[in-house]
Each structure stands twice: as C-alpha cells, then as structure tokens.
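Residue numbers (the UniProt record's numbering): 1 to 344. Cβ coordinates follow ideal geometry from the N, Cα and C atoms, glycine included. Quick caveat, the model's predicted, so the values are computed rather than measured.
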Amino acid sequence: MAERRVFITGTAGFIGFHLARLLLAEGFRVHGYDGMTDYYDVRLKQRRHAMLAQSESFTATEARLEDMDTLQRTVEAFRPDIIVHLAAQAGVRYSLEQPRTYIEANIVGTFNVMECARAVPVQHLLMASTSSVYGANEEMPFRETDKADTPLTIYAASKKATEAMGHSYAHIYGLPTTLFRFFTVYGPWGRPDMALFKFTRGILEGTPIDIYNHGDMWRDFTYVDDLVRGIRLLIDAVPPLPEARGGSVPGANVPGDSLSPAAPFRIVNIGNSDRVRLLDFVDAIEAEIGRKAIRNYLPMQAGDVPATWADASLIHALTGFRPATPFREGVARFVAWYRDYYGR
Ligand SMILES: NC(=O)c1ccc[n+]([C@@H]2O[C@H](COP(=O)([O-])OP(=O)(O)OC[C@H]3O[C@@H](n4cnc5c(N)ncnc54)[C@H](O)[C@@H]3O)[C@@H](O)[C@H]2O)c1
C-alpha cells in the first residue's frame with residue numbers, strides 16, 4: 001500500500017507531538033505545521049519538534065494558521081490524504097484574559113485549514129474540540145448527542161464554532177469530517193499551564209499549589225498515549241456521505257451515533273470514561289514524589305466546571321477503542337518524565 005500522508009497542525013504542541021510520533025512509528029509520512037506561539041515555554045515546543053525531526057518521514061513548517069498564503073502553499077506542496085487539525089489557542093482560564101487570540105487562532109485559523117482541506121481535497125479531515133463545549137450540562141456522563149449549547153468561556157465557544165463550521169463544510173463540499181471532544185489530557189511532554197504540571201512543579205519546589213472549588217472537582221483524565229491511539233483509530237472511521245448509507249438512519253447501525261443526517265460528519269468523545277477526584281489526583285502525585293503538597297484551597301474559578309465525564313461508548317462501537325492506562329500509572333509516567341526533563 002502507498003505511504004499515507006498526514007498533515008498535522010500543532011505538532012510542536014503536547015497532543016500533536018504524541019500523535020505525530022505514533023503515526024511515524026506506523027509508517028505514515030507526516031508534515032507538521034505549528035506557529036510556536038509563546039502561550040507557554042517555546043523551548044519545550046522546540047524540543048518536541050527536534051525529537052520528531054529525527055524521523056526521515058517528518059517535515060515541518062513553522063508558521064501561523066492565520067498566514068493563509070503559507071498554509072495554502074504548504075498543504076498544496078505536501079498533498080495530504082488526511083488532515084488532523086490540533087493547533088489552537090488552548091486553555092480555559094487564559095480565554096478570560098486574551099479572548100481575541102481564541103477568535104484568531106481557533107476561528108480564523110480553523111477556517112483557513114478547512115479551505116485547504118476542501119481544495120486538496122483530503123479523504124478525511126479530523127479536528128479537535130473539547131469537553132468544555134458541554135458547558136453547564138449537569139447530566140453525566142456527557143454524550144455526543146446531548147445538547148451542548150451553554151459554552152461558559154470564549155474558548156468553549158470557539159470550539160463550538162469549530163464544530164459548526166466543520167459541519168457546514170462537510171455538508172456543502174461532501175468533505176468527510178470528524179470532530180473529537182477531548183477530556184483533560186495528561187502525560188509526559190505535557191502542557192505547563194495544566195494542573196498535573198503545576199502540581200508536580202509546586203511539590204518538587206516546595207511552593208503552594210492552588211486547588212480550586214476547595215478540591216471538589218472531578219475530571220475524566222485521559223492519558224495521552226490512549227488518546228492518540230483513539231485518534232489513530234478514528235482516522236480510518238471515515239463518516240459516510242448521506243447518499244452512501246443505503247437509506248439507513250444515523251444511529252441505526254451504531255447506537256448513539258452522532259453521525260449527521262445531512263453530512264459526512266461526526267462528533268466523537270475521546271475520554272477515559274472514568275471520573276477521578278482532583279484530591280485523589282494530588283494524592284497520587286504526592287505518593288509518586290514522596291513529598292506532601294502545600295495546598296492552597298480556593299473558590300471555583302470563573303468559567304470552570306466542577307466535573308467532566310465522557311461517555312466513550314461511541315468511539316468503542318466505531319473502533320473497538322478502550323483506554324488502557326489507570327491514572328496512578330499515568331501520573332507515575334508523567335512524574336518520571338518531569339524529573340528527567342528538568343533534572344530534579
Ligand atoms: N490537552 C487537553 O487536555 C485538551 C483538552 C481538550 C481539547 N484540547 C484541544 O486539543 C488540541 C491540542 O491541544 P494541546 O494540549 O496539544 O495544546 P498545545 O498548546 O500544547 O498545542 C497547540 C499547538 O498549536 C500551536 N498554535 C497555537 N495557535 C496557533 C496558531 N494561531 N497558528 C499556528 N499554530 C498555533 C501552538 O504553538 C502549540 O504548539 C487543541 O485544539 C486543544 O484545544 C486539548
């Protein structure tokens with residue numbers, strides 16, 4: 001079989017790096033596209049890209065999504081079979097301070113990626129959304145077919161817009177499109193703005209760690225190796241065109257399917273499908289490091305939600321995917337990476 005060509009945006013980022021590594025190991029040719037934004041330590045992004053560059057099947061472009069000329073030229077030259085769009089301005093809290101960055105990267109940037117995807121055209125466009133789109137929903141676990149109309153931040157709203165824009169292009173251009181909703185991803189090479197990273201650093205340095213909602217927080221923590229395996233499997237689960245379904249109604253073959261009646265478009269949760277109490281997560285980090293945290297209990301933050309929990313039965317039905325990493329094991333692997341990387 002001919003080598004498959006995947007264009008991934010956000011390869012210097014946490015998830016894009018891990019996905020590129022997995023696909024390169026599987027024999028894909030990968031072109032990474034990343035603007036190396038300074039939202040967090042750019043050296044960490046450069047180190048990730050340098051590791052990927054050890055593979056002869058990896059090439060990369062450092063440019064912004066908003067730079068349509070460069071994006072278009074790069075995609076046209078690479079001629080991908082598949083695009084996985086992960087680059088974005090991430091982070092719930094930062095969106096309260098810098099909302100415009102989210103509009104530029106996540107809305108204008110995503111629009112540019114979709115324009116390139118339809119021009120090629122690719123066989124499958126896959127794009128990242130987030131559990132944050134479930135907003136103030138209280139019924140758990142969250143299912144893809146639940147209403148998700150109460151985004152609490154401009155981050156969540158920009159991802160809801162990504163989903164809606166993706167649906168429209170899937171409909172008009174018959175572009176097979178999958179949107180993932182990720183749930184709090186963690187693991188080695190993780191993001192410095194996220195809790196596991198901050199907690200580990202605080203415990204090792206003996207500085208206080210901030211614990212919001214007085215610790216009454218629950219998260220569906222998803223280990224990054226599990227997550228990228230889920231993405232890999234979904235690459236081959238191409239949503240069919242409505243006219244190719246032989247009259248079958250979405251959801252008839254796969255129970256709970258979010259397949260659109262009007263487009264080759266589907267939204268899929270990728271989560272661990274298990275809730276962990278934040279305090280248990282902190283206990284696990286303390287146990288791994290062998291030192292107690294100085295805990296600074298604080299009220300809930302604006303725009304945050306007390307709990308997330310994925311119903312992951314759709315990805316299981318589509319691909320057979322099941323997460324395989326218990327959170328204590330995932331925490332241990334992160335702490336080992338952190339100590340090695342920072343020499344602590
Ligand atoms: N990590 C999580 O827990 C999580 C949860 C839900 C959704 N997501 C989504 O998954 C995707 C990947 O997240 P991540 O955790 O790897 O984040 P990350 O910040 O580590 O990676 C994103 C990458 O995109 C690049 N980027 C940002 N804006 C850009 C722009 N305008 N042009 C070009 N490049 C740009 C950054 O330089 C960065 O390397 C994002 O779309 C994010 O919203 C992540």
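Between alanine 87 and the set Asp304, Gln46, Asp69 and Gly35, the nearest pair of CA atoms involves Gly35. Comparing alpha carbon positions, the residue from Tyr102, Ser131, Glu104 and Gly166 closest to cysteine 116 is Gly166. Distances from the alpha-carbon of methionine 300 to those of Leu65, Tyr212, Gln54 and Arg79 put Tyr212 closest. Per DSSP, the continuous beta strand (DSSP E) segment holding valine 6 begins and ends at 5–9. According to the DSSP assignment, leucine 126 belongs to the beta strand (DSSP E) that extends over 124–130. Scanning Arg118, Val92 and Ala20 for the CA closest to the CA of serine 55 turns up Ala20. With a cutoff of 8 Å on beta-carbon distance, valine 113 and leucine 65 are scored as near each other. The nearest non-hydrogen atom of ligand 1 is less than 7 Å from the C-beta of glycine 10. Between leucine 24 and the set Phe58, Glu144, Glu138 and Phe221, the nearest pair of CA atoms involves Phe58.
Judged by DSSP in its simplified three-state form, leucine 23 adopts helix. In this structure, the alpha-carbon of valine 75 lies about 17 Å from that of glycine 16. Secondary structure in the stretch 122–195: the beta strand (DSSP E) runs of 3 residues or longer, each lying completely within the stretch, are 124–130 and 177–182 in chain order. The Cβ-Cβ distance between alanine 293 and phenylalanine 199 falls below 8 Å.
Nearest neighbour of glycine 330 by Cα position, chosen from Ile315, Tyr223, Val185 and Ala312, turns out to be Tyr223.
Secondary structure note for aspartate 210: its beta strand (DSSP E) is the uninterrupted segment 209–211. Here the stretch 307–327 makes contact with the stretch 221–241; the two share three or more CB pairs at distances below 8 Å.
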